[in-house]
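> Reading the sequence shown from the start, the letters are residues 11 to 481 in the working numbering.
Yeah, the Cβ is synthetic: ideal placement off N, Cα and C, and Gly gets one too.
Submitted below is the structure of interest, expressed as structure tokens.
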Amino acid sequence: MAFDSVAYALFLPVVFCIYWMLHNRLCWQNTFLILASYIFYGWWDWRFLFLIIFTTLCSYYTAIIIEEQQALGNRHKAWIASAFNIVANLIILGTFKYLDFFIDGFSRLLATFGWEVSWPLLHIILPVGISFYTFQAFSYTIDVYRGKIQAERNLLPFAAYICFFPQLVAGPIERASDLLPQMKQARTFSYPQAVEGGRLILWGLFKKMIVADNCAVIAGFIFHDYQQLGTLSLLYGAFIFSFQIYADFSGYSDIAIGTARLFGIRLSRNFNNPYLAASIPDFWRRWHITLTTWFRDYVYFPLGGSRCSNILNLRNTIVVFLLCGLWHGAGWPWLTWGLYHGLLFIPYCMHWIRRPKNGEVIIANTLRSRMVQGMKIAFTFLLVSLGRVLYHTGNLGDSLCYIKRIFCTMDFSIPDYSKSILLFVAFMLWAEWHDCRLPRQRWARWLIYYILLFTIFIKGTAGSQFMYFQF
């Protein structure tokens with residue numbers, strides 16, 4: 011059930027009304043949320059509901075065992091329980107998402123040694139959102155093992171934490187310390203919060219149906235005919251595709267966060283103007299924040315983080331980005347994309363370039379510094395967009411050929427594609443930069459709402475799947 015579908019437009023108001031009719035009964039609210047979430051997820055394929063139920067029950071009981079064994083001083087048994095939960099969920103994730111990739115890769119490896127093996131690929135259907143809710147379950151049991159949170163003894167709020175439908179299939183990837191307490195406390199209806207949620211949903215639909223889907227048409231034409239196009243057209247295609255990915259994924263996140271607000275629940279912010287980043291590390295602090303911080307806390311820091319030699323720091327960074335690429339998709343293009351971003355960190359890991367500390371803001375208060383800052387932002391966007399080529403082609407050879415033509419054709423003819431989409435992209439970036447601040451006058455706010463709605467109905471396209479559903 012996609013957020014921009016008619017089915018969801020009918021589903022959400024019904025769930026909203028019934029949910030708030032149960033506002034004095036927290037147990038019934040959580041039960042209804044779980045039921046609604048299972049209906050939402052089962053709309054794609056009801057057979058995959060057992061995966062969510064298994065992940066929920068496995069993580070729930072494992073965390074209790076971990077806590078009980080640690081209380082008895084049996085830290086080794088607690089570690090075994092934690093490892094069992096991780097391995098069990100990894101087997102499920104690996105079977106559905108990576109099995110064909112590893113079968114094909116192993117067959118090719120044997121072929122290089124002269125052993126021709128013909129193992130059939132299984133072509134297993136990838137369950138929607140499995141990477142997201144699996145990582146959410148991982149973080150819970152690991153945090154219980156580390157003693158950061160207590161194991162939840164009430165199954166209802168925990169099940170709601172795992173399967174909460176707004177963020178079930180494409181994030182944000184929530185931590186138990188943030189979302190689980192909200193599932194355990196009484197929730198009362200707030201009109202301002204509901205209005206804020208509706209505004210975020212409308213803004214997310216605008217980004218998806220107006221910006222992302224129309225960018226997709228242009229990017230599709232350019233990537234399909236890239237062998238006949240010149241430098242500017244290919245750059246235009248890479249840039250438009252970058253805007254498509256941002257509008258698509260951040261639009262989904264806005265709808266998810268807005269929908270959660272309708273139910274009195276706050277989800278984490280997932281994007282912070284990533285295309286205004288002045289460096290690659292800055293970009294990753296702004297892009298898909300909940301996934302980036304997940305890999306930081308559960309992979310990068312345990313490997314040693316940056317508190318080691320420059321070489322080991324670089325190793326840790328590349329390992330994280332290889333896993334990040336593998337998380338996005340089972341294939342060599344995704345691993346290459348991860349390696350690409352890992353290698354872009356070399357100047358920072360080796361301290362050839364100083365990177366700002368977390369929270370540090372560099373203020374460009376002179377014309378020269380503003381020009382330098384603008385050049386850094388443009389160069390970072392170029393590097394990110396070149397990496398995006400791997401997203402669209404899905405083929406390493408085509409990606410390298412596409413990038414090679416950008417720098418080798420030297421054809422600077424102006425692309426003959428629709429320029430109107432750039433107005434929508436510019437409006438989106440401008441509004442995001444100003445944090446979507448609305449006028450104080452009520453009439454002005456509603457005028458903006460009606461303009462957005464009118465634009466969606468007139469120029470919007472529906473029916474295309476959100477890109478991150480495939481992960």
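(1) Reducing DSSP to helix, strand and coil, say where residue 383 ends up.
(2) Applying the criterion that 16 or more other CB atoms from any shown protein chain within 10 Å of the CB defines a buried residue, is residue 146 buried or exposed?
(3) What's the C-alpha gap between residue 371 and residue 387?
(4) Tell me whether residue 360 is buried or exposed, calling it buried when 16 or more other Cβ atoms sit within 10 Å of its Cβ.
(5) State yes or no: is the C-beta of residue 248 within less than 8 Å of the C-beta of residue 218?
(6) Is residue 101 buried or exposed, if buried means 16 or more other CB atoms sit within 10 Å of its CB?
(7) Under three-state DSSP, which class holds residue 349?
(8) Taking all protein chains shown into account, decide if residue 173 is buried (16 or more other Cβ within 10 angstroms of its Cβ) or exposed.
(9) If I measure Cβ to Cβ from residue 245 and keep anything under 7 Å in the same chain, skipping five residues before and after, which residues do I get?
(10) Report the option in 273, 239, 280, 276 whose CA atom is closest to the CA atom of residue 259.
(11) Restricting to Cα atoms, I'd like to know which of 310, 152, 139 is closest to residue 176.
(12) What residues in its chain sit with their C-beta under 6 Å from that of residue 207, if we drop five residues either side in the sequence?
(13) Assuming residue 186 contacts residue 149 under a Cβ cut-off of 8 Å, what Cβ separation, rounded to an integer in Å, is found between them?
(14) Whose C-beta lies closer than 7 Å to the C-beta of residue 322 among residues of the same chain, with five residues either side of it excluded?
(15) Is the beta carbon of residue 224 sitting closer than 8 Å to the one on residue 442?
(16) Please confirm whether residue 155 and residue 75 have their CB atoms less than 8 Å apart.
(17) Helix, strand or coil for residue 264 per DSSP?
(18) Under the three-state reduction of DSSP, which class applies to residue 371: helix, strand or coil?
(19) Starting from residue 280, trace the alpha helix (DSSP H) in both directions and tell me its first and last residue.
(20) Would you kindly work out how many angstroms separate the C-alpha atoms of residue 309 and residue 213, rounded to a whole number?
(21) Once DSSP output is grouped into helix, strand and coil, what is the label at residue 157?
(22) Do you know offhand how far residue 222's Cα is from residue 254's?
(23) Between the C-alpha atoms of residue 50 and residue 347, what's the straight-line distance to the nearest angstrom?
(24) Please give me, in chain order, every unbroken run of the alpha helix (DSSP H) with length at least 4 that falls completely inside the stretch 69-112.
For this structure:
(1) Numbered from its first residue, the sequence shown carries residue 383 at position 373. Looking at residue 383 - three-state DSSP - the assignment turns out to be helix.
(2) By one-based count along the sequence shown, residue 146 stands at place 136. Flag for residue 146 reads buried.
(3) Numbered from 1 along the sequence shown, position 361 holds the residue referred to as residue 371. Numbered from 1 along the sequence shown, position 377 holds the residue referred to as residue 387. Unreliable positioning characterises residue 371 in this predicted model, as indicated by a pLDDT of 49, which lies under 50. A coordinate reading is not provided.
(4) Numbered from its first residue, the sequence shown carries residue 360 at position 350. The residue is exposed, with fewer than 16 neighbouring Cβ atoms inside 10 Å.
(5) For the purposes of this step, residue 248 is identified with residue 238 of the sequence shown, where counting begins at 1. For the purposes of this step, residue 218 is identified with residue 208 of the sequence shown, where counting begins at 1. Result no, Cβ atoms of residue 248 and residue 218 do not sit closer than 8 Å.
(6) As a working mapping, residue 101 is identified with position 91 in the sequence shown. Exposed is the call here.
(7) Position 339 of the sequence shown holds residue 349. In the structure shown, residue 349 sits in a helix (DSSP, three-state: H, G or I).
(8) In the sequence shown, counting from the first residue as 1, residue 173 sits at position 163. Buried, because 16 or more other Cβ atoms sit within 10 Å of the Cβ of residue 173.
(9) Reading the sequence shown from its first residue, position 235 is the one you call residue 245. The answer, listed in chain order, is 416.
(10) Along the sequence shown, read from residue 1 onward, the residue named residue 259 stands at position 249. The residue with the shortest Cα to Cα distance from residue 259 is 280.
(11) In the sequence shown, the residue the question calls residue 176 occupies position 166. Ranking 310, 152, 139 by Cα distance to residue 176 puts 139 first.
(12) Numbered from its first residue, the sequence shown carries residue 207 at position 197. Here the set comprises 268, 271, 272.
(13) For the purposes of this step, residue 186 is identified with residue 176 of the sequence shown, where counting begins at 1. For the purposes of this step, residue 149 is identified with residue 139 of the sequence shown, where counting begins at 1. At roughly 7 Å, the Cβ-Cβ gap stays under 8 Å, so residue 186 and residue 149 are in contact.
(14) Taking the first residue of the sequence shown as position 1, residue 322 is located at position 312. 314, listed in sequence order.
(15) Residue 224 sits at position 214 when you count from the first residue of the sequence shown. Residue 442 sits at position 432 when you count from the first residue of the sequence shown. Their beta carbons are not under 8 Å apart, which means residue 224 does not touch residue 442 by this criterion.
(16) Counted from its first residue, the sequence shown places residue 155 at position 145. Counted from its first residue, the sequence shown places residue 75 at position 65. Taking 8 Å as the Cβ cut-off, residue 155 and residue 75 do not qualify as a contacting pair.
(17) Locating residue 264 in the sequence shown gives position 254, where the first residue counts as 1. Three-state result, residue 264: helix.
(18) Translated into positions along the sequence shown, residue 371 becomes position 361. Interpretation of residue 371 is limited by its pLDDT of 49, a score under 50 that renders its predicted location unreliable; no figure is taken from the coordinates.
(19) Along the sequence shown, one-based indexing puts residue 280 at 270. Premise fails: residue 280 is in no alpha helix (DSSP H) and is neither H nor E.
(20) Here the question's residue 309 lines up with position 299 in the sequence shown. Here the question's residue 213 lines up with position 203 in the sequence shown. Whole-angstrom Cα-Cα distance: 34 Å.
(21) Locating residue 157 in the sequence shown gives position 147, where the first residue counts as 1. Reduced to three states, the DSSP call for residue 157 is coil.
(22) What you label residue 222 is simply residue 212 of the sequence shown in a count that begins at 1. What you label residue 254 is simply residue 244 of the sequence shown in a count that begins at 1. If I take the Cα positions, the gap works out to 4 Å.
(23) Within the sequence shown, residue 50 is the residue found at index 40, counting from 1. Within the sequence shown, residue 347 is the residue found at index 337, counting from 1. Answer to the nearest angstrom: the Cα atoms are 32 Å apart.
(24) 85-107
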